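This report concerns only the one structure given below.
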Amino acid sequence: MHSKSETVQLNAPVRFATRISIEQVEEGQVLAPKFDRDGLLTCVTTDTHSGEVLMLGYMNAEALEKTIQTGEAHYWSRSRRILWHKGATSGLVQQVEELRIDDDQDAVWLRVSVSGSGASCHVGYRSCFYREVPVGSQRIAGDRLLFTESAKTFDPVEVYGDAPNPTKL
Ligand SMILES: [Zn+2]
């Protein structure tokens, strides 16, 4: 349900509206994101072509604005505490085909095309969700995690060298 709107210059600053009413937030046509106490929105990212969930990330206001301005996914890295242009190091940029915001505007959904090998996970897999946890009757075979991708799509050591691993214990 699109309706007409004024045109905007490429790279124009993105305005986030003040949240004034439930109706405005849920039914309106203005972007009025609700950042949490840490200033973050949750972001789920899927592959436009396969529909596969690639990753779950977080965006602060700057990451959201940069994503909107450039059409390339930017996140806030909670472990490294930096704005993170996805693919800047690896070349595996996520081209945003569609950005959606949810009902109460505290979460976004990116549908992306990934360049290069198509991987989005720093471990080397396509999706960050590359292991399955057995549930219910599946536990008959044991509680071990099951890998859902048979091989990595790139070698993280080759791509990241000795850069610190963003996964923290
Ligand atoms: Zn990952």
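Residues 420 to 588 (my numbering) make up the sequence shown, in order.
Where is the CB? At the ideal position from N, CA and C, for every residue including glycine.
Source: prediction; values computed, not measured.
A contact is defined here as three or more CB-CB pairs under 8 Å, and the stretch 567–586 meets this definition with respect to the stretch 539–549. With a cutoff of 8 Å on beta-carbon distance, G506 and V512 are scored as near each other. The C-alpha of A436 is placed about 7 Å away from the C-alpha of V449.
Proximity to G490 across G555, D581, V533 peaks at V533, based on C-alpha coordinates. Out of T486, E484, S539, M478, the CA that lies nearest to the CA of V472 is found in S539. Closest in C-alpha terms to G537, from the list S556, V576, S469, H493, comes S469. Take Y579, set aside five residues on each side of it, and the residues of its chain with a beta-carbon closer than 8 Å to its own are T508, S509, H541, in chain order.
By the Cβ criterion, the stretch 438–454 is in contact with the stretch 518–527, since at least three pairs of Cβ atoms, one from each stretch, lie closer than 8 Å. For Y477, the enclosing beta strand (DSSP E) covers residues 472–478. With a threshold of 16 other beta carbon atoms within 10 Å, A492 meets it and is buried. A check of alpha carbon separations from N479 across T426, S496, Q488, P553 identifies S496 as the nearest.
Of all alpha-carbon atoms in R558, R499, T567, the one lying nearest the alpha-carbon of A582 is that of R499. In this chain, the alpha helix (DSSP H) harbouring Q443 covers 441–446.
In this structure, the alpha-carbon of F566 lies about 23 Å from that of V531. At least one heavy atom of ligand 1 sits closer than 7 Å to the Cβ of V542. For the pair L475 and T461, the CB atoms are nearer than the 8 Å cut-off.
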